[in-house]
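What the sequence shown shows, in full-length UniProt numbering, is residues 1 to 261, in sequence order. Yeah, the Cβ is synthetic: ideal placement off N, Cα and C, and Gly gets one too. The structure appears right after this line, and notes come after that.
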Amino acid sequence: MVKVSVITVVRNAAAELERTLSNLAALDRSAAELEVIVIDGASTDGTPAVIKRYESLISYSVSEPDGGLYDAMNKGIRAATGDYLWFVNAADAVYAPDVLTRIFGPGSPLAADGPADVYYGETLVTAPDGTALGLRKKRLPRGGLTWRSLQRGMVVCHQSFIVRRAVAPLYDTRRYRLAADIDWVIECLKRASSIRDTGLVLSRFTTGGISTRRRRASLRERWTIMRRHYGLVATLFAHAGFVWEMLLDKLLRRPPYRKIY
1 MVKVSVITVV RNAAAELERT LSNLAALDRS AAELEVIVID GASTDGTPAV IKRYESLISY
61 SVSEPDGGLY DAMNKGIRAA TGDYLWFVNA ADAVYAPDVL TRIFGPGSPL AADGPADVYY
121 GETLVTAPDG TALGLRKKRL PRGGLTWRSL QRGMVVCHQS FIVRRAVAPL YDTRRYRLAA
181 DIDWVIECLK RASSIRDTGL VLSRFTTGGI STRRRRASLR ERWTIMRRHY GLVATLFAHA
241 GFVWEMLLDK LLRRPPYRKI Y
């Protein structure tokens, strides 16, 4: 049976962590073993008490200072023993309780050709109070996801990206502090030999993270990452496309999210 390591990073977010762990506890594990890893950045609120309440669910946890979000996520990678890694941070959630069965179950079409290195899918965006806003406006690539797909930006949400641990590097915390997830996804896709679209909504992502709050600095990092992977000319064209899309959004008053299908 395949083993999936779900890594949850948290700091001073007791209520959000409670929702996430409650969601993970409800997952159907008939087709996959679940390893829940919680990395707490030395929280001073009720987070440690929540971790204590869910100790029967949690395989590994640590509460200590860290060097930021991606340093904490690296701790989760190092602690993981599963075949696959899945980052579902505090406030986020797995979309449906049967998702592991639908991906890894013996009768699943996704399992018919053997295990893939990467599984990906859609993401439902929610407000901090849990209200569903809709699917991410940025669509998954129609021809299938590759490392070159991210020239269009973060076309796949980090929370809807399940990767084989053997092909996943650590996050580059030396160079990036706000957009290291984009670099990490690109690197995972470069190393993957098989990448599979699940056709499923995989996660619920709560909007309002670090990159959202520090958007300009995050965009500068994204520029650096894209230029390193794709070159200057391709990155210039891609950013011209981003600006054009923003102008069209305003002109046509397009909604920020897509309807849930």
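Assuming V185 contacts L150 (C-beta within less than 8 Å), just tell me the rounded distance between them. 7 Å
Would the beta-carbon of K75 be found less than 8 Å away from any heavy atom of the ligand MG? The ligand MG is absent from the structure shown, which contains no ligands of any kind.
Just checking, does the stretch 215-226 make contact with the stretch 174-181 on the three C-beta pairs under 8 Å criterion? yes
Cβ distance (whole Å) where L110 is taken to contact R196 below 8 Å: 6 Å
Give me, in chain order, the residues of the same chain whose beta-carbon lies closer than 6 Å to that of T207; leave out the 5 immediate sequence neighbours on both sides. V125
Between the stretch 45-58 and the stretch 1-16, can you find at least three pairs of beta-carbon atoms closer than 8 Å? yes
Beta-carbon proximity of A91 to E16, cut-off 9 Å: yes
Taking the runs of the beta strand (DSSP E) that are 3 residues or longer, which of them lie wholly in the stretch 8-52? 32-40
Mind checking who G107 pairs with in its DSSP beta bridge? In DSSP, G107 forms no bridge with anything.
Express the C-alpha separation of S108 and L100 in angstroms, rounding to a whole number. 10 Å
Rounded C-alpha distance that separates F36 from V233: Position check: residue 36 holds Val in this sequence, whereas Phe was assumed. Between V36 and V233, the C-alpha separation is close to 42 Å.
When DSSP labels each residue in this structure, what does T235 get in the three-state scheme? helix
May I have a chain-ordered list of the alpha helix (DSSP H) segments no shorter than 4 residues that lie completely inside the stretch 85-132? 99-104
In or out: M73 buried (at least 16 other Cβ within 10 Å) or exposed? buried
Since M246 contacts A238 with CB under 8 Å, what's their CB separation in whole angstroms? So it is not a contact: roughly 13 Å between Cβ atoms.
Between which residues of its own chain and Y230 is the CB-CB distance below 8 Å, once the five residues before and five after are set aside? R148, Q151, A238
Kindly indicate which residue of A192, N12, I260, A168 has the alpha-carbon position closest to the one of L135. I260
Can you list the alpha helix (DSSP H) stretches of 4 or more residues lying completely in the stretch 146-233, in chain order? 180-191, 210-213, 215-230
Could you tell me which of R165, T123, E18 sits nearest to P48, measuring between CA atoms? E18
Determine whether the beta carbon atoms of V163 and C188 lie at a separation below 9 Å. yes
Starting from the C-beta of A192, find all residues in its chain whose C-beta is less than 6 Å away, skip the five residues before and the five after it, and write them out in chain order. D117, V118, V167
Near N89, which residues of its chain fall below 6 Å by C-beta distance, leaving aside the five closest residues on each side in sequence? T8, V9
Starting from I77, trace the alpha helix (DSSP H) both ways and give me its first and last residue. 69-79
Per-residue burial, W244 [other beta carbons within 10 Å of its own, 16 or more giving buried]: exposed
Report the three-state DSSP secondary structure of G134 (helix, strand or coil). strand
Where does R204 land, buried or exposed, given buried means 16+ other C-beta within 10 angstroms? buried
Would L248 be called buried (16 or more neighbouring beta carbons within 10 Å of its own) or exposed? exposed
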